[in-house]
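FYI, the numbering for the sequence shown is 22 to 232, going by the numbering used here. Here the structure comes first, spelled out in structure tokens, and everything after it is commentary.
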Amino acid sequence: MDSCCTVRSTEAGAPTACPSCGKAGRKVERITLKALLRSEALARMTAPEHRFCPSAGCPVVYFGQGEIFGRDDLNVPVFQKEPRGHRTVCYCFAVSEGDLRDEIAATGRSMATERITDLVTAGRCACEVRNPQGSCCLGNVAMAVKAAQEAVRSNDKPLTVIEESPRHASAPRPRGSAGRTALAGSERDGPELRDRREAQGPSPDRAAFSD
Ligand SMILES: [Zn+2]
């Protein structure tokens, strides 16, 4: 990024692996930290170069020579380090995981990738100053769309696993009286037992779990 205030950094400035989790970090521009670090964190920034740690379970967001910045040092939540489900995926145009699920539930698919791509092509994205990873969100959006599709599908069809089992689907039905025993439990018990059951009403367990 060309700017009168930007000093060109040296390649040797930042370690490549996160000092906390050991995962390789991607280099981020200084402008990203300047835009997203809280004032007090920005005031102590001294390293010439920084990298972004993408590990979900690691508290470090940026690391440079002799310094680290964690989640609390940023003024926005970090996509990679927040619990899945309601995260902001696209920081420039404010698309969340919930938005993706709503769109898929309403229309059957998400056009988020296409919409964001159009806006990026039109030169309206500002990932380097809005997205903590300092780069385009489209890879994250594609993953989030896939996860949202799976979430919506599993909500729509809770019995998918049973339907997919060929053993249950193709098993021949038993003939004659044997075929009815599974359904006729109360008949076998006789009238006395059946009456007692009805008098007791639903068991407490069932009542507790009913919707
Ligand atoms: Zn890390």
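Virtual Cβ for every residue (Gly too), placed ideally from N, Cα, C.
From Cys-148, Gln-170, Cys-39, residue whose alpha carbon lies closest to that of Phe-90 = Here residue 90 refers to the residue found at position 69 when the sequence shown is read from its first residue. The option with the nearest alpha carbon to Phe-90 is Cys-39.
DSSP-derived helix/strand/coil call for Ala-45 = Translated into positions along the sequence shown, residue 45 becomes position 24. Reduced to three states, the DSSP call for Ala-45 is strand.
In whole angstroms, what is the alpha-carbon distance linking Glu-149 and Val-173?
-> What you label residue 149 is simply residue 128 of the sequence shown in a count that begins at 1. What you label residue 173 is simply residue 152 of the sequence shown in a count that begins at 1. Computed Cα separation, rounded: 32 Å.
Using the beta carbon as the reference atom, which residues fall closer than 5 Å to any heavy atom of ligand 1, ordered along the chain?
-> Cys-39, Ser-41, Cys-42, Cys-74, Ser-76, Cys-79, Val-81
Do the region 54-74 and the region 92-105 touch if we need at least three Cβ pairs shorter than 8 Å?
-> Result yes; three or more Cβ-Cβ pairs closer than 8 Å.
Residues of its chain near Arg-201, where Cβ-Cβ distance is below 7 Å and the 5 sequence neighbours each way are ignored | On the sequence shown, residue 201 is found 180 positions in, with the first residue counted as 1. Low confidence applies here, because Arg-201 scores a pLDDT of 44, under 50, leaving its location unreliable and the question unanswered by this model.
Just tell me which of Arg-51, Pro-75, Leu-57 has its CA closest to the CA of Ala-68.
-> Within the sequence shown, numbered from 1, the residue matching residue 68 stands at position 47. Cα-wise, what sits closest to Ala-68 is Arg-51.
Beta-carbon separation (whole angstroms), Phe-169 vs Ile-125, contact threshold 8 Å | For the purposes of this step, residue 169 is taken as residue 148 along the sequence shown, with counting starting at 1. For the purposes of this step, residue 125 is taken as residue 104 along the sequence shown, with counting starting at 1. In the sequence as presented, Phe is not what sits at residue 169; that position holds Ala. Their Cβ separation, rounded to whole angstroms, is 5 Å, which keeps Ala-169 and Ile-125 in contact under 8 Å.
Assign Glu-118 to one of two classes, buried (16 or more other C-beta atoms within 10 Å of its C-beta) or exposed (fewer than that).
-> Position 97 of the sequence shown, counting from 1, holds the residue named residue 118. Glu-118 is buried by the Cβ-count criterion.
Any idea which residues DSSP pairs Gly-91 with across the strands?
-> Against the sequence shown, residue 91 aligns to sequence position 70. Gly-91 is bridged to Val-81.
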